[in-house]
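A.B. asks:
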Amino acid sequence: MPLLVLWLGYGPREATGTSLAAIVFVAAFAAATQGAYGNVHVLDAVLMGVPAVGGVLIGTSLQQRLPTRTISLLFAVVLVASAVELLAQ
Amino acid sequence: MIGVIAIGLCAGVVAGLLGVGGGVLFVPGLVILLGLGQHQAEATSLLAIVPVAIVGTIRQDRYGNVRRDDALLMGLLSIAGAGAGVALANALSGTVLRDGFALLMVLVAAQLVRKSLAEPGHPDPPADEASLGNRPIGGDSA
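Keeping their order, the protein sequence lines are chains G and R.
According to our numbering, the first sequence is numbered sequentially starting from 683.
According to our numbering, the second sequence is numbered sequentially starting from -3.
1) Whose CA, out of Gln716(G), Ala712(G), Leu739(G), lies closest to the CA of Cys6(R)?
2) Could you work out which residues of chain R lie near Val732(G), taking near to mean beta carbons separated by less than 8 Å?
3) Near Ala713(G), what residues of its chain come up, given a Cβ to Cβ distance below 8 Å and the 5 sequence neighbours on each side ignored?
4) Just the Cα atoms here: how many angstroms apart are Leu21(R) and Thr742(G)?
5) Does the beta carbon of Val735(G) sit closer than 8 Å to a beta carbon anywhere in chain R?
6) Return the residues of the segment 82 to 101 of chain R that lie within a Cβ-Cβ distance of less than 9 Å from chain C, sorted by chain order.
7) So Met(-3)(R) is in the alpha helix (DSSP H); what residue range does that whole segment cover?
8) Pull out every residue of the segment 21 to 38 of chain R whose Cβ sits closer than 9 Å to any Cβ of chain G, in chain order.
9) For chain R, find out if any of its Cβ atoms is closer than 8 Å to the Cβ of Gly691(G); answer yes or no.
10) Looking at the C-beta of Val9(R), does it have a partner C-beta in chain G at a distance below 8 Å?
11) Give the secondary structure of Pro749(G) by DSSP, where H, G and I count as helix, E and B as strand, and everything else as coil.
12) Taking Cβ-Cβ distances shorter than 7 Å, what residues in chain R pair up with Leu688(G)?
13) Which of the three DSSP states, helix, strand or coil, is assigned to Val46(R)?
14) Label His118(R) either buried or exposed according to how many other C-beta atoms from any shown protein chain fall within 10 Å of its C-beta, with 16 as the threshold for buried.
15) Please state if the CB of Gly4(R) and the CB of Gly720(G) are separated by a distance shorter than 8 Å.
16) In terms of residues, what are the limits of the alpha helix (DSSP H) holding Leu686(G)?
17) What are the boundary residues of the alpha helix (DSSP H) that includes Ser112(R)?
18) Rounded to the nearest angstrom, what separates Gly19(R) and Leu100(R) at their Cα positions?
19) Report the residue ranges of all beta strand (DSSP E) runs contained in full by the segment 704 to 759 of chain G; include only those spanning at least 3 residues, in chain order.
20) Within 10 angstroms of the Cβ of Ile45(R), are there 16 or more other Cβ atoms? Answer buried if so, exposed if not.
21) Touch check for the segment 68 to 79 of chain R and the segment 744 to 752 of chain G: three-plus C-beta pairs under 8 Å?
22) Using only the alpha-carbon positions, how far apart do Gly77(R) and Val27(R) sit?
23) From Ala39(R) to Phe711(G), what does the alpha carbon distance come to, in whole angstroms?
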């Protein structure tokens, strides 16, 4: 997405939409390749991906109603804590 | 099973709310809560992202934000890169992959902080129907 903005002069919304579309192909192909290695837990992927769609719709509708700046900072803390927890696995 | 659904829901809400990619929560969620290995978690997350990206694309397309030719070209060209990336990931140990992913999470956190602190302090624009629908989904690192 940043490359679309910086190199091709896309506006941020177009960059988001266009890169999302490209990601469909990238993720699908990478997932299929990983599948050939036997690494994909298909059931888990479906149980995660489908609710995630619902989550995104909820999240975008909340954007205008919540203090996203505060939440962003809090989430940054969560991310770092999760990274540390991941390293401890 | 509830755990997986919860991870998906939370990751989706965060993606929609903050523009942070779902994978950044999918992968540690699968590893920490479900005990998947790093390779399996990353592979499973890749598949889980597909429906999210499809729905996001459809919504963005309705607002005229998708340049289809460019998207198709980028997607097809990146197939080679994706294949190489997957091959590389499988050549690396789970530990190295995990460490790299943890680093990625910290970088995303740093970017979040930078973006939040850079925003001016004025209140959000009033919520009208057009702007509510036309927000980026998935963000930079989906």
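Think of the CB as a built atom: it goes at the ideal place given N, C-alpha and C, for glycine as much as any other residue.
Quick caveat, the model's predicted, so the values are computed rather than measured.
C.D. replies: On the basis of the supplied data:
1) Leu739(G)
2) Gly4, Pro47
3) Val722, Ala727
4) 17 Å
5) Chain R, which has a Cβ nearer than 8 Å to the Cβ of Val735(G), makes this yes.
6) Although the question refers to chain C, the structure presented lacks it and instead comprises the protein chains G and R.
7) Run containing Met(-3)(R): none; DSSP gives neither H nor E here.
8) Leu21, Phe22, Val23, Pro24, Gly25, Leu26, Val27, Ile28, Leu30, Gly31, Leu32, Gly33, Gln34, His35, Gln36, Ala37, Glu38
9) no
10) yes
11) coil
12) Chain R residues near Leu688(G): none, gap ~12 Å exceeds 7 Å.
13) helix
14) Unreliable positioning characterises His118(R) in this predicted model, as indicated by a pLDDT of 43, which lies under 50. The coordinate reading is nonetheless provided below. Under this definition His118(R) is an exposed residue.
15) No, the pair does not count as a contact, with Cβ atoms beyond the cut-off.
16) 684 to 690
17) 90 to 114
18) 11 Å
19) none
20) It is buried - the Cβ of Ile45(R) has at least 16 other Cβ atoms within 10 Å.
21) Cβ pair count under 8 Å is below three, so no.
22) 25 Å
23) 11 Å
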